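Peer 1:
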Amino acid sequence: MMTGRNDRAEIFARLKAAQDGRLKAPHPGGMTPPKSAATKGKAMVTHFINKAIAQYATVTELDRFADVPGFMSDWLRGQNLPKEFVLAPILSGLDWAKETTITPRPGAATTADTVGVSLAYGAAAETGTVMMISGHHTPTTLNFVPDVEVIVLSKKDISAGMEGCWEKLRAYKTQNPMPRAVNFVTGPSRTADVEATMVLGAHGPRRLHIVLVDETSPWPKST
Numbered sequence: 024m025m026t027g028r029n030d031r032a033e034i035f036a037r038l039k040a041a042q043d044g045r046l047k048a049p050h051p052g053g054m055t056p057p058k059s060a061a062t063k064g065k066a067m068v069t070h071f072i073n074k075a076i077a078q079y080a081t082v083t084e085l086d087r088f089a090d091v092p093g094f095m096s097d098w099l100r101g102q103n104l105p106k107e108f109v110l111a112p113i114l115s116g117l118d119w120a121k122e123t124t125i126t127p128r129p130g131a132a133t134t135a136d137t138v139g140v141s142l143a144y145g146a147a148a149e150t151g152t153v154m155m156i157s158g159h160h161t162p163t164t165l166n167f168v169p170d171v172e173v174i175v176l177s178k179k180d181i182s183a184g185m186e187g188c189w190e191k192l193r194a195y196k197t198q199n200p201m202p203r204a205v206n207f208v209t210g211p212s213r214t215a216d217v218e219a220t221m222v223l224g225a226h227g228p229r230r231l232h233i234v235l236v237d238e239t240s241p242w243p244k245s246t
C-alpha cells in the first residue's frame, strides 16, 4: 500500500512522464483535408474573406501593420463610433500617436469599452474563422466584452483549415507556455435560439471587422 508524500510524488511523476511522451509523439497531418481546393496563396486568402463575409463579418485589406492606426482613425469616424477604444498590448508598439483623433487604451476590456482591437494568432480559410490566444499580449476579454471587435490578422497566419491552426499552436508551445484559453471566432456573436430569429451580440460582440495585413505579424518569438 502506498502512503506518504513520496508515493504521491512518484505517482504524479509517472503520470507526467506518460503525458510528456504522448505530447511529443508525431501528429499525422492531412487526416481531414479541407473541403475547399483553395489551400494556399491568394486563393486561400480570398476563400477566407468570402467565408468571413458569409458569417456576417466585414473585411479590410492593408499592406502594412503601420497602416493600422490610420485605418482605425478613418474607420471609427466612418462608422460613427467612439474615438476611445481598448487595444491589445501587442499592438501598442504601432505609431498611434500620429493619429490625434483617436485614443487607444492598451489593456484588458471592461464593460465601458465599446470597441476592442486585438491580434489573431491564426485563422482557418475553410470556415472564415480566426484563432485568438489569451495572454498579457492579447487579453481574452477583448473577444467578448466590447460591442464591436476589430481583429487584425496577418495573411501569412491563415491556414487552409482548423488542423493548420492547431499546428501553429503546437509550434507556439515550443517557446511559450500554452495559453490558458484559445478562442475560435467565426463572425460576430449571434443566436437564433428564440423563434429561429437571428439576434446579433448574444454572447459577445455584435459586430466583427477583420483587418488583413500583408506583412508578418508582430508576435514575439517568446511571450
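Here the sequence shown stands for residues 24 to 246, numbered as in the numbering used here. Where is the CB? At the ideal position from N, CA and C, for every residue including glycine. On a predicted model such as this, the values are computed, not experimentally measured, just so you know.
Would you say ALA147 and GLY101 are within 8 angstroms of each other, going by their C-beta atoms?
Peer 2: no
Peer 1: Identify the continuous alpha helix (DSSP H) that holds ALA126 and give its terminal residues.
Peer 2: Reading the sequence as shown, one finds Thr at residue 126 and not Ala. From DSSP, THR126 is part of no alpha helix (DSSP H) but of the beta strand (DSSP E) over 126 to 129.
Peer 1: Okay, do the segment 116 to 123 and the segment 147 to 159 touch, 3+ Cβ pairs below 8 angstroms being the bar?
Peer 2: no
Peer 1: Strictly by DSSP, which residues pair up with HIS232?
Peer 2: Answer is THR81 and VAL173, bridged to HIS232.
Peer 1: Considering only residues of the same chain and omitting the five flanking positions on each side of ALA80, which have a CB-CB separation below 6 angstroms?
Peer 2: GLY210, LEU231 and ILE233
Peer 1: Please report the residue range of the alpha helix (DSSP H) in which SER96 lies.
Peer 2: For SER96, the enclosing alpha helix (DSSP H) begins and ends at 91 to 101.
Peer 1: In this structure, does DSSP put PHE167 in helix, strand or coil?
Peer 2: coil
Peer 1: Do the CB positions of PRO127 and VAL171 come within less than 8 angstroms of each other?
Peer 2: no
Peer 1: Hey, would you say LEU114 sits closer than 8 angstroms to VAL175, going by beta carbons?
Peer 2: yes
Peer 1: What span of residues does the alpha helix (DSSP H) with ALA194 cover, start to end?
Peer 2: Per DSSP, ALA194 belongs to the alpha helix (DSSP H) from 185 to 196.
Peer 1: Tell me where the beta strand (DSSP E) around ILE88 begins and ends.
Peer 2: Per the sequence shown, residue 88 should be read as Phe rather than Ile. Neither: PHE88 is in no beta strand (DSSP E) and is coded neither H nor E.
Peer 1: Under a three-way DSSP split, which group does MET201 fall into?
Peer 2: Three-state result, MET201: coil.
Peer 1: Comparing the CB of TRP98 with every heavy atom of the ligand HEM, is any distance shorter than 7 angstroms?
Peer 2: Here there are no bound small molecules, and the ligand HEM is not part of this structure.
Peer 1: If you reduce the DSSP assignment to three classes, tell me which class THR239 lands in.
Peer 2: coil
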